[in-house]
Amino acid sequence: MRARNRAAAVGIVAGAVALGVSELVAAFVLPGSSPVVAVGDTIVDASPAAVKDWAISTLGTADKPALLAGILLILVVVAAGIGMLARRRLAYGVAGMGVFAVLGAAAAVTRPDATMAAAFPSVLGAAAGVVALARLLRLARPVAAAHVDEDGSVAESQLPDRRRLLTGLAVGVGVAGAGVIVGRVAGGGSDVRMARAKVALPVPATPAAPLPRGADLRIPGLSPFVTPNKDFYRVDTALLVPRVDPQSWRLRVHGLVDRPLEITYDQLLRRPMTEADITLTCVSNEVGGDLVGNARWLGVHLADLLREAGIQDGADMLLSRSSDGWTAGTPVDVVMDGRDALLAVAMNGRPLPVRHGFPVRQVVPGLYGYVSATKWLTDIKVTRFADDEGYWTPRGWSVRGPIKTESRIDVPSVGATVHAGRVAVAGVAWAQHRGVERVEVQVDDEPWQAARLAAVPGSDTWRQWVYDWNARPGKHRIAVRATDRTGRTQTRRHAPPVPNGASGRHTINVTVDG
Ligand SMILES: Nc1nc2c(c(=O)[nH]1)N[C@H]1C(S)=C(S)[C@@H](COP(=O)(O)O)O[C@H]1N2
Ligand SMILES: [Mo]
C-alpha cells in the first residue's frame, strides 16, 4: 500500500469507529438521537419539495435507504480525506473530526423534541474517532527495518509493519461494526415491537358489517379489495420509523378548546371503538400509481373527543403533530360532519404496524394523507387556518386536500400482450366519502362502455370494476374514467401531483395476438 492509500484507509476506519461509537451511545444513552439519522432527517426536511417528489416517485419506498447510502458514501470519501490530511499533521485530522461532531450534534439537537443531550453521541463518537486516528496513524508510520535479502546482503527498508497495521485496521473495523450492530439491536425498537405484540385490541362498539359478497372480484392481477398490511404503501418523512412506547404515549388536545385534555393509550383503548373500511390515498400518487391502499381500521371517533374538549368559535383547523414533529392541517368541519374520522389503533385486525403509525394515527376518509393521516400522533391543536399551517403547505402543496375522483387499470398490465377473445380489463376506482357511481372503459376511439362494479361496504373505500373486452388482434389503447355519486366524472385534464393531487385518465397500451 502506498502511504497515501494507507492514510486514506486509516481515515475511513477511524471515521467508522466514530460512527459506530456514536450509534452505540445514541442507542443506550438517548434512543432516537443517532447523528447519521438526524443529519438525514434534516436533509429531508430542508430539501425542496421538488426533490422530495422526485425521490418519492423514482425511488418509492427505497428513498430512505438510498438517502442513508448517499450520506454514508459521502462520509467514506470525507473520512479518507481526513486520514490523508492527518498524515501531514494530526491536528488537521482532529479538526476534521471536530467538524463532523459539530454537524452531527447540530442536526441532532435541532430535531423536534430533542434536547442538548442529543449532542452526546456525536461528541463521544468524534472523540473515539480521534483516538483511533492517532493510534492507527502511528501504526501506519514507516519503521526502519533491516532484513536479509535472498542474496544474503542486509537491506534497510522504510515500510510500516504491515501485520500490525492490518491488525489495527481490523480492530477498528470490529469496534465500528460492533457499535453499529449492537446500537441498532439495542435501539432498534425491539421494546416497541414487544409492546405492540402485547396490545389486546378492544372489541368494537360499532363493528363494521362483514364485507358484502362480491366486494372482491378475485381477478388475477387486480388489487385485492383489502390491502394486506405488508403490502400497504408507505409515505412519510421519517428516515427511521419513530418508536413510540404506548405506555408513555399521551395525546394532548389543546388550543381553541374549553377543556384541554390529555389521554393515555389505555384510556383511549377503553373508549367506544368504531371499525370502518377506509381507503387512504397519497397526494403524490400519479395517475395509475400505487400510493393508494384500503384497510379495515379500528379507532375512536375524533369528533367525540373534540366535543368533550369543546371547540371554540372561530376554530376551523386541527393541527395534528407526530412524535417526530411532522404536522397536518385538517378542516374541523370535515372531521365533525359525521364521517368516520378516526384515531386509529388497528389496521386489518392487528395493532397498527410501527411503519403505519403505532400506537395511534389519524384516518380521515376523503382527504389525502398529507392533510389528515398523521402517524405516531401525539398532539392535536385546535386552531385556525389563518394562524397555522401543516408540514407540506409552506413546501408548495395546497392548504386543503380533498381526494380527487380517480380510477386505475390493474389488468392487463401496461404494455402486456394478451390473446384475442374475451379479456377481463379490471381495476379500482375511488372517490372517498362521495362514493363511486360509475366506471367506464374506452378502447381506442370507440364509445365509452360501462364496466361492471363490485359491491362496496360504503362510500369511503375504493371500488373494483371489470369490463369484459372482446379483444381483436392488433395494438390497442384502453382508457378508464370514473364518476362519483355527486355526478362528477373524473377530469381528462392532466395535472401533476403538486399542488393538490394528480388528475387525468389512466390509459394503457396493449397488444392482442391472434
Ligand atoms: N408522522 C407522519 N405522518 C404522516 C406522514 C409523515 O410524513 N409523517 N405522511 C402522511 C402522508 S403524505 C400519507 S399519504 C400517509 C401515508 O400513510 P401510510 O404510510 O400508512 O400509507 O401518512 C401521512 N402521515
Ligand atoms: Mo401523502
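Residue numbers (our numbering): -18 to 495. Cβ atoms here follow ideal geometry from the backbone N, Cα and C, with glycine treated the same way. For clarity, every value in this text was computed on a predicted model and none was experimentally measured.
For residue i, report the span of its beta strand (DSSP E) as first-last.
i	result
Gln248	Per DSSP, Gln248 belongs to no beta strand (DSSP E); it is in the alpha helix (DSSP H), 246 to 251.
Gly455	455 to 465
Trp450	444 to 452
Trp411	402 to 411
Ser388	387 to 392
Leu232	231 to 236
Thr374	It is not in any beta strand (DSSP E) - Thr374 carries neither H nor E in the DSSP assignment.
Arg419	417 to 424
Ala257	255 to 262
Val491	488 to 494
State yes or no: is the C-beta of residue i within less than 8 Å of the C-beta of residue j?
i	j	result
Leu249	Leu182	no
Tyr372	Thr308	yes
Val234	Pro241	yes
Asp391	Ser204	yes
Asp506	Ile259	Past the edges of the chain, shown from -18 to 495, lies residue 506, and the structure says nothing about it.
Lys356	Ser484	no
Leu272	Gly106	no
Trp450	Val404	yes
Ser388	Gln471	yes
Gln430	Ala460	no
Gly408	Asp369	no
Thr359	Arg453	no
Val335	Ala397	no
Asn275	Thr374	no
Val20	Ala88	yes
Arg415	Thr488	no
Asp441	Pro346	yes
Gly85	Ser3	yes
Leu432	Val447	First, the residue type needs correcting, since residue 432 is Ala and not Leu in the sequence shown. Yes, the Cβ-Cβ distance between Ala432 and Val447 is below 8 Å.
Gly504	Gly382	Shown here, the chain extends from -18 to 495; a query on residue 504 therefore has no answer.
Ala(-11)	Met65	yes
Ala167	Pro141	no
Gly269	Arg365	no
Ser15	Ala7	yes
Ala36	Arg194	no
Gly306	Pro93	yes
Val536	Ala463	A query on residue 536 cannot be resolved here, the shown segment of the chain reaching from -18 to 495 and no further.
Ser301	Ile361	yes
Ala546	Gly280	Absent from the structure is residue 546, since the part of the chain shown begins at -18 and ends at 495.
Assuming residue i and residue j make a contact with CB atoms under 8 Å, what is their CB distance in whole Å?
i	j	result
Gly455	Val493	6 Å
Ser265	Val216	7 Å
Pro332	Arg458	At roughly 45 Å, the Cβ-Cβ gap does not stay under 8 Å, so Pro332 and Arg458 are not in contact.
Thr497	Pro185	Here the chain has residues from -18 to 495 only, and residue 497 is not among them.
Gln343	Ala354	6 Å
Val363	Leu299	6 Å
Val90	Met97	6 Å
Phe101	Val10	6 Å
Leu146	Arg(-13)	7 Å
Val(-2)	Gly77	Rounded, the Cβ-Cβ distance is 14 Å, inconsistent with contact.
Thr262	Trp411	7 Å
Val18	Leu220	5 Å
Ala189	Ala257	6 Å
Asn329	Arg251	Actually they do not touch by this definition, with Cβ atoms about 22 Å apart.
Gly164	Leu5	4 Å
Pro29	Glu267	About 19 Å separates the two Cβ atoms, so there is no contact after all.
Arg224	Val173	4 Å
What are the boundary residues of the alpha helix (DSSP H) that residue i is part of?
i	result
Val112	101 to 121
Ranges of the beta strand (DSSP E) found wholly within the region 279 to 363, counting only runs of at least 3: 298 to 303, 308 to 312, 323 to 328, 342 to 344
Could you pull out every unbroken alpha helix (DSSP H) segment of at least 4 residues lying fully inside the region 11 to 96, listed in chain order? 16 to 27, 30 to 40, 44 to 69, 71 to 90
For the 8 Å Cβ check, are there 3 or more pairs between the region 384 to 402 and the region 333 to 343? no
So, does the region 44 to 55 touch the region 114 to 121, judging by three or more C-beta pairs under 8 Å? no
Can you confirm whether the region -16 to 1 touches the region 138 to 155 when touching is taken to mean that 3 or more C-beta pairs between the two stretches lie within less than 8 Å? yes
As a quick check of your reading: which residues have a C-beta less than 7 Å from at least one non-hydrogen atom of ligand 3, in chain order? In the structure on display, ligand 3 does not appear, and the ligands it does have are ligand 1 and ligand 2.
Assess contact between the region 312 to 320 and the region 279 to 293, defined as three or more Cβ pairs (one per stretch) separated by less than 8 Å. Is contact present? yes
Which ranges would you report for the alpha helix (DSSP H) in the region 202 to 230 if only whole runs of at least 4 residues count? none
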